Structures are given as structure tokens and as C-alpha cells.
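What follows is a set of notes on a single structure, which appears directly below.
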Amino acid sequence: MTSAGPYEPEQVAALLESAVATIRAEVEALAKPLHVWHPAEGEWSINEIIGHLIEAERRGFAGRIKILLASKDPQLEGWDQNEVARGRRDDMKPAAKLVAELERMRAESVKIVRGLTAADLKRGGQHPKVGWLRVAGPGRTWATRRSSRESEGGADSASRAAECAGKEQSHGRARCGRRVFQQRRS
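For the sequence shown, the positions run 1341 to 1526 when our numbering is used.
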């Protein structure tokens, strides 16, 4: 098989699986009030971050790979992440259900990634903001960028929320990793 860049599809699949397992473990370790806690005005809660990961899986990762595999050189669509987050109302949902939804979606993504052929890895399409995207490309693997940035960022967010909440309880409002919790504007 042609190299997918720094990672082969099987390695990407393993990263996808381990990231969602980490998210589940960290969410289960947090007190339920922390699932809906917002570190600052305009920043996402853990539930909203999980909801974002679900939508990113649907619209940005597995969804885009499906489009890239189904069409030759398709025009891809962007999405308003903040608008989608508001519409999802994830703070009204139990975190365990959100994690279960993410696990189901991630399992589908893993199947897709494990089934990619060398020809599939070369397929691409035009995104309105970031330009040409491939399933995988030389140097930087699109799928790997997504899995490490989104999933590990999501898992890291749970850890930071717990840390920030502890600081806030003992020292007043903490200045904590705002970048991870901040709503993304893309």
C-alpha cells in the first residue's frame, strides 16, 4: 500500500479508538456538574466539546471521507461550528449519552479508515476555506491531523476542565487553558 504520510490507516484507526476511550475515561472521572461547566463566557463545556467532536466526525472527518470516496473532486462544504453547537443543546443531555454517540460514530470512522485503499488515500476535494483536501497526502495526513487535533484536544479538554474547576474552587476564578474551551470560529 502507498504510504499515507506519517501514519498508515491502521495507525490512524488505532489513534481514533484510543482517543475516544480516553474521552470516556475522563468524562466518567469528572463530577457531573463539570460536564456542563463553562470556564468563561462564550466557552464550551465538556458536553459541548463532545457534541462538537460528534459533529466534526459527522461533517468533517468520516462525512468528508465518504464524500471524497463517492465523488470525483467534489466541492466540500464548511459548517458554522458555533451555530451547530447552539442548535445541539448538549448541556441539556447526559454526558454518558454524548460519549456513547461519539463512540458509535467513531466506530464507523474506524471501519472506514481500516477499509481505505491506496487509491482511496489519494482522493480529494475542494474545501471553501482550507483549499484542496485529500483523504491522505504526502507529508501531512489529513485524517491524522483531524484525529489528533480534534480527538486528543477533546480528551485534553476534560482534563483541563477538572484542573480548572479545582483551581476555581480553591482560588477563585482561574485562568485556565481558554484556547481549548473557546468556541472555534471557522
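Here a beta-carbon is modelled for each residue, glycine too, at the ideal position from N, C-alpha and C.
Please read these numbers as outputs of a predicted model, since none were measured by experiment.
For residue j and residue i, the rounded distance between their alpha carbons
i	j	result
A1447	R1454	11 Å
L1327	L1408	Outside the shown range of the chain, which is 1341 to 1526, sits residue 1327, and nothing can be said about it.
A1425	E1388	7 Å
S1411	W1472	14 Å
T1362	A1476	25 Å
E1381	R1463	40 Å
K1469	P1414	14 Å
A1354	S1449	11 Å
K1406	G1427	24 Å
R1444	H1467	26 Å
I1390	A1359	12 Å
H1392	E1423	11 Å
R1429	W1419	17 Å
R1404	L1416	7 Å
Y1347	A1458	13 Å
E1397	K1372	24 Å
R1399	E1357	18 Å
Q1421	G1465	20 Å
V1439	R1474	28 Å
First through last residue of the beta strand (DSSP E) which encompasses residue i
i	result
H1550	Outside the displayed range of the chain (1341 to 1526) lies residue 1550, so it cannot be described from this structure.
G1471	1471-1474
N-terminal and C-terminal residue of the alpha helix (DSSP H) that residue i is part of
i	result
A1350	Sequence inspection shows Glu at residue 1350; the Ala mentioned does not correspond to that position. Per DSSP, E1350 belongs to the alpha helix (DSSP H) from 1349-1369.
P1373	1372-1375
Same chain only: Cβ atoms within 6 Å of residue i, ignoring 5 sequence neighbours per side
i	result
E1441	I1394
H1378	S1385
D1431	V1376, S1385, N1387
Own chain residues within Cβ distance below 7 Å of residue i, not counting five before or after
i	result
P1349	V1453, R1454, L1456
Q1351	none
D1460	L1409, V1475
Residue i: CB within 6 Å of a non-hydrogen atom of the ligand SAH
i	result
D1430	By its list of ligands, the structure shown contains no ligand whatsoever, and the ligand SAH lies outside what it can speak to.
Contacts around residue i, its chain only, beta-carbon distance under 8 Å, and the 5 residues preceding and following it disregarded
i	result
A1402	M1445, E1448, S1449, I1452
Three-pair Cβ contact test at 8 Å for the stretch 1435-1451 versus the stretch 1360-1375: yes
In chain order, which continuous runs of the alpha helix (DSSP H) of length 4 or greater are located wholly inside the stretch 1385-1470? 1386-1395, 1402-1410, 1421-1428, 1435-1454, 1458-1461
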